Amino acid sequence: MAKFRKGGQKEVPAISTGSMPDIIFMLIFFFMVTTSMRETTLKVKMKLPEATEVQKLEKKSLVSFIYIGPPTNAKLYGTEARLQLNDSYARIEDIIPFIEQERLDRAEADRPLLTTSLKIHEEVRMGLVTDVKQELRKCGAFRINYSTRKGGN
Amino acid sequence: MARKKKKVPEINASSMADISFLLLIFFLVTTTMDTDSGITRRLPPPVENPDMDVKVKERNILNVMINKYDKLMVNGKPCDITELKDKTRDFITPKPNDEKAPEVEVKEIEMIGNFMTNKGVVSLKNDRGTSYMMYIAVQNELAKAFNELREEVAMTYFKQHYADITDKDKIDAVNKAVPVRISEAEPEEIK
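Just so you know, the protein sequences line up as chains A and B, in that order. My numbering applies: residue 2 is where the first sequence begins, and numbers increase by one. My numbering applies: residue 2 is where the second sequence begins, and numbers increase by one.
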């Protein structure tokens, strides 16, 4: 007959931590795969506009970035939108040499596939953007991507 | 005398968790989850002969203008951004019997066969003072219209969602059937 055990303090079994490294490793691999390290330090404010019809940029190595936005340090550089190439502020005239350099850095077969990603703060006026686009047209960098955040309506 | 087997000392694995925690924290800090995505467009080559205007029939053009106050005008009439998609959609849908709609052209496309394509061009003009946010919103609406039509073609001919097609030839076929024709004018002032 079954007996009800009275009293007899039951010990809580210790949780095995043996699988902890495995779990952590799993998380590590997840972050290693999804991570993309930022190569350039942003010197301009970057709030991308929202869009719904976005396409993913494939082949990260074939993308060069142009950043446009108001400077992060407004006291020093004012609030007028500035252009950033690589790690420093640049002028419109610097775009063509920049693209040429980007082309030289890639293998010859990849050069026609080079895409320029325009990362532009949403409050920038189109005048500057148009100027940049004109420069890109001049040096034959026709593939562009207006970088946006996914979301919105 | 049997030689005693030397025991290989066991490696202490208890610090493994610490090491992996350290790595985990490193990746957590450096990670930026932003996948680069956006609206891809192709810029036109520079105009070699600025005096030579290409004549396009008026019925083949949908004029979209944005002024510096971020107000929209479509074919000479003020328009709200919420209506833009439907207007564009209406414009790019091939309508062979409509005199006012853009001309159609029957093309032979691989995997689809004879398909009626639209010769309409969306002409997009913006002022230098237009905000980038508005410009992207308009580009987004235009893209939405084209994507809807592509979806429709993909559904009728391949019984698949456009986004789900993996076959490159099929994607090319749909893209040929519904080309994104957005022409951006040379910059000029708009009142």
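Beta carbons are placed, not taken as given, at the ideal position from N, Cα and C, and that holds for glycine. Note that the coordinates shown come from a computational prediction; the quantities given were computed from them, not determined experimentally.
The beta carbon of residue 29 (chain B) sits closer than 8 Å to some beta carbon of chain A. Contact of residue 164 (chain B) with chain A by beta-carbon distance below 8 Å is absent, the smallest such distance being about 10 Å. Annotated three-state conformation of residue 131 (chain A) is helix, per DSSP. Interface with chain B (8 Å Cβ-Cβ cutoff): residue 64 (chain A) is included. Under the three-state reduction of DSSP output, residue 143 (chain A) falls in the coil class, being neither helix nor strand. Scanning A:11, A:143, A:70 for the CA closest to the CA of residue 92 (chain A) turns up A:70.
Any Cβ of chain A closer than 8 Å to the Cβ of residue 183 (chain B) would place that residue at the interface, and such an atom is absent. Proximity of chain A to residue 32 (chain B) at the Cβ level (cut-off 7 Å) is accounted for by 32, 35, 36, in chain order.
Bounds of any alpha helix (DSSP H) do not take in residue 117 (chain B); it lies within the beta strand (DSSP E) bounded by 114–119.
If you draw a straight line from the Cα of residue 80 (chain B) to the Cα of residue 108 (chain A), it is about 47 Å long.
The beta carbon of residue 184 (chain B) sits closer than 6 Å to those of 122, 124, all from its chain and outside the five residues before and after it, given in chain order.
Each of A:84, A:82, A:102, A:86 was checked against the Cα of residue 115 (chain A), and the nearest Cα belongs to A:102. A direct Cα-Cα distance of roughly 33 Å separates residue 31 (chain A) from residue 171 (chain B).
In the three-state scheme derived from DSSP, where H, G and I count as helix and E and B as strand, residue 62 (chain A) is classed as helix.
Across the set A:15, A:106, A:14, A:23, the C-alpha of A:23 shows the shortest separation from the C-alpha of residue 18 (chain B). In this structure, residue 109 (chain B) keeps its C-beta atom at 8 Å or more from the C-beta atom of residue 174 (chain B). By the Cβ test, the segment 35–46 of chain B is not in contact with the segment 60–70 of chain B, since fewer than three Cβ pairs between them sit closer than 8 Å. By the neighbour-count criterion, in which 16 or more other beta carbons inside 10 Å mark a residue as buried, residue 62 (chain A) falls on the exposed side. Contact of residue 70 (chain B) with chain A by beta-carbon distance below 8 Å is absent, the smallest such distance being about 12 Å.
Taking a contact as a CB-CB distance under 8 Å, the pair residue 49 (chain A) and residue 117 (chain A) does not count as one, their CB atoms being some 15 Å apart. In this structure, residue 154 (chain B) sits near residue 179 (chain B), with a CB-CB distance shorter than 8 Å. The DSSP assignment places 105–110, 114–119, 122–127 as complete runs of the beta strand (DSSP E) inside the segment 84–139 of chain B, in order along the chain (cut-off: 3 residues).
Taking every protein chain shown into account, the CB of residue 16 (chain B) has fewer than 16 other CB atoms within 10 angstroms, so this residue is exposed. In the three-state reduction of the DSSP assignment, residue 51 (chain A) falls in the strand class. Between residue 52 (chain A) and residue 82 (chain B), the beta carbon gap of about 13 Å keeps them out of contact (Cβ cut-off 8 Å). Put simply, the backbone Cα of residue 20 (chain A) is about 17 Å away from that of residue 23 (chain B).
For residue 151 (chain A), the CB contacts under 6 Å within the same chain, skipping 5 residues up- and downstream, are 55 in chain order. By the Cβ neighbour-count rule, residue 128 (chain B) is buried, with 16 or more other Cβ atoms within 10 Å of its own. Bridge partners of residue 149 (chain B) according to DSSP: none are assigned.
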